[in-house]
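Just so you know, the sequence shown maps onto residues 9 to 261 in my numbering. Glycine included, C-beta positions come from ideal geometry on N, C-alpha and C. Remarks on the structure that follows.
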Amino acid sequence: MRSKLIAGNWKMHGTIKETRKLILQLAVEWKKSCEQVEVLVCPPFTSLIVARHELEMSHIKLGAQNCFTGIDGAYTGEISATMLAEIGCSYVIVGHSERRTIFAETDDLVSRKVRSVLDAKLNAIVCIGESEAQRTSGETEAVLSRQLKGSLAGLSASDIVSVTIAYEPVWAIGTGKTASPEVAETAHRFVRSELETLFPGTSENVRILYGGSIKAENAVSLFSQPNIDGGLVGGASLDAEGFIDIIQAAVSL
Ligand code: 13P
Numbered sequence: 009m010r011s012k013l014i015a016g017n018w019k020m021h022g023t024i025k026e027t028r029k030l031i032l033q034l035a036v037e038w039k040k041s042c043e044q045v046e047v048l049v050c051p052p053f054t055s056l057i058v059a060r061h062e063l064e065m066s067h068i069k070l071g072a073q074n075c076f077t078g079i080d081g082a083y084t085g086e087i088s089a090t091m092l093a094e095i096g097c098s099y100v101i102v103g104h105s106e107r108r109t110i111f112a113e114t115d116d117l118v119s120r121k122v123r124s125v126l127d128a129k130l131n132a133i134v135c136i137g138e139s140e141a142q143r144t145s146g147e148t149e150a151v152l153s154r155q156l157k158g159s160l161a162g163l164s165a166s167d168i169v170s171v172t173i174a175y176e177p178v179w180a181i182g183t184g185k186t187a188s189p190e191v192a193e194t195a196h197r198f199v200r201s202e203l204e205t206l207f208p209g210t211s212e213n214v215r216i217l218y219g220g221s222i223k224a225e226n227a228v229s230l231f232s233q234p235n236i237d238g239g240l241v242g243g244a245s246l247d248a249e250g251f252i253d254i255i256q257a258a259v260s261l
């Protein structure tokens, strides 16, 4: 049985002071460790070290929102997975649609980032998802299949234990237009079947998160779907109370 993962992607939000405040609020509310639900926060790079310190006594894990490939080198402005491991991260989000669209990240680059994350002994959250136009023109499955195959290229079945997939339909991100539980479940089921084809025998152990306008009000109906193993939460994770309600939704199932 897969445990759920509820991850907050704070994107480019929050000063160090604001991050500390939010983490302290979360840590007060989420003191217990819970076998069924793992909680993760991914603040901006500048807040990671403070976040690590504030999270020391809690069961909330720390993640980063991006990294570059390799260990070190002449890559001005970039940060490696090894550096993120040193700072205390256990997860790195890779291939978020904002990086794919705004920063032109390709599946090939995403796959090389995933390799670096796994080489640093961290877990990768690999994001995939179709745009509104792609859904409307009936390309959803082809897009998901291509992104999955490209982003996981070169991995072995044993690598897959450290990979979480996040299905984030681009049209649902930051728009308030959540995918219905049925639409999301259909996509997740497809992703799992594709994973089974790519890495036979592993897909039942891979967590597939949903992301896109998750709120406390829709969390239970989404998380109760058999192939939805938690959420990658953007806007709603910036509010401690709202994020805790989403975590509680997962705990309640
Ligand atoms: P929202 O929850 O704000 O729609 O963002 C989702 C997301 O992009 C998480 O990575």
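{"Item": "A192: CB within 7 Å of a non-hydrogen atom of ligand 1", "Value": "no"}
{"Item": "Alpha-carbon to alpha-carbon, V169 and G71", "Value": "17 Å"}
{"Item": "Cα-Cα separation between S188 and L92, rounded to whole angstroms", "Value": "35 Å"}
{"Item": "Ligand 1 heavy atom lying under 7 Å from the CB of S188", "Value": "no"}
{"Item": "Residue of F198, A132, K129, A161 minimising C-alpha distance to T148", "Value": "F198"}
{"Item": "Under the three-state DSSP convention, the category K40 falls into", "Value": "coil"}
{"Item": "Buried/exposed call for V178, threshold 16 Cβ in 10 Å", "Value": "buried"}
{"Item": "Burial state of L261, where buried means 16 or more other Cβ atoms lie within 10 Å", "Value": "exposed"}
{"Item": "Cβ-heavy atom distance, N17 to ligand 1, below 7 Å", "Value": "yes"}
{"Item": "Whole beta strand (DSSP E) elements within the stretch 179–260, 3-residue minimum", "Value": "216–218, 238–241"}
{"Item": "Sub-8 Å separation of N17 and C50 beta-carbons", "Value": "yes"}
{"Item": "Within 8 Å, strictly: CB atoms of G239 and F231", "Value": "yes"}
{"Item": "Simplified DSSP assignment, three categories, for T109", "Value": "helix"}
{"Item": "Cβ shell of K69 (< 8 Å), same chain only, five flanking positions each side left out", "Value": "E46, V47, L48, V49, L63, S98, Y99"}
{"Item": "Beta-carbon proximity check, S66 vs K25, cutoff 8 Å", "Value": "no"}
{"Item": "L13: CB within 7 Å of a non-hydrogen atom of ligand 1", "Value": "no"}
{"Item": "Distance cut-off 7 Å: H104 Cβ against heavy atoms of ligand 1", "Value": "yes"}
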